[in-house]
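K.L.:
Got a structure for you, questions after.
In our numbering, the protein residues as written are -1 to 250.
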């Protein structure tokens, strides 16, 4: 796959660069460039990122960072079986547990919420840092909802992190998930309160909490494109009316 001229491979994280030092120099550069493309495209073009990850995987499948990148690209492309396999491979290579919540969410994606819940109760969760423990809680709540256990999902999300007034990187998503679960349980008033709290914490627009809140408040937004299309139409109607008025005046 083509690599843009502005991509040098030096953009990758220093830890990944260190991993690639086990490869021949030219090969390491090629792998690095493909990993840069994965990171560049994964949010806007997951399939494109997946394509570059496959190239990197073909070149250096024994590098943990490559297996992890391939897992993320497959996950973003909803290829959960493949993502799970890559995450497992990366975990075997590194011995770390930080991919545990993603692995559990892959189980959800594969239609195995019970397996995700088993993973949520595993000893590995205690080894996660706070951010990943919150991610695990979100996955567990999602698994409960997959199984139709709305009340249990709501209880799962109730935690000290949810109750805290401090804003952390995970706060907006946690409040949003809680609001969404409340809404699904027809607890609309509480849901509105928590969507509003999610908006307060969502400083980088990582959720659509503001839209959900506006929807609950009955606010409708007109798309900018629709407005642009409506303006010429209104102008044309006005021109036609002016023409009719002029014609009528001439006839008088």
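Heads up, the beta-carbon is just placed ideally off N, CA and C, and yes, glycines get one too. As the structure is a prediction and not an experimental result, all values here were calculated from the model.
(1) State the start and end residues of the unbroken alpha helix (DSSP H) segment that holds residue 6.
(2) Among 148, 106, 126, whose alpha-carbon lies nearest the alpha-carbon of residue 183?
(3) I need the boundaries of the alpha helix (DSSP H) containing residue 158, first residue and last residue.
(4) Determine the direct distance from the alpha carbon of residue 79 to that of residue 108, and round the result to whole angstroms.
(5) Going straight from the alpha carbon of residue 197 to that of residue 155, what length do you get?
(6) Going residue by residue through the region 161 to 194, where are the continuous alpha helix (DSSP H) segments of at least 4 residues, counting only ones entirely within it?
(7) Please list the segments of the alpha helix (DSSP H) lying wholly inside the region 45 to 95, counting only runs of 4 or more residues, in order along the chain.
(8) Just to check my reading of the structure: residue 83 and residue 102 have Cβ atoms closer than 8 Å, yes? What is that Cβ distance to the nearest angstrom?
(9) Report the three-state DSSP secondary structure of residue 196 (helix, strand or coil).
(10) What is the DSSP secondary structure of residue 110, reduced to helix, strand or coil?
(11) Quick check on residue 42: does DSSP put it in helix, strand or coil?
(12) Is the beta carbon of residue 49 less than 9 Å from the beta carbon of residue 27?
(13) Measuring CB to CB, does residue 179 end up less than 9 Å from residue 139?
(14) Taking the CB atoms as reference points, tell me whether residue 65 and residue 88 lie closer together than 9 Å.
(15) For residue 1, collect the residues of the same chain with a Cβ closer than 7 Å to its Cβ; drop the 5 residues on either side in sequence, then sort them by chain order.
P.N.:
Here's the rundown:
(1) It is not in any alpha helix (DSSP H) - residue 6 carries neither H nor E in the DSSP assignment.
(2) 148
(3) 158 to 161
(4) A direct Cα-Cα distance of roughly 7 Å separates residue 108 from residue 79.
(5) 18 Å
(6) Listed in chain order, they are 169 to 182.
(7) If we require 4 residues or more, the alpha helix (DSSP H) runs fully inside the region 45 to 95 come out as 62 to 74, 78 to 92.
(8) 15 Å between Cβ atoms; not a contact.
(9) helix
(10) coil
(11) Residue 42 carries a coil assignment under DSSP once its states are collapsed to helix, strand and coil.
(12) no
(13) yes
(14) yes
(15) So the qualifying residues of the chain are 31, 35.
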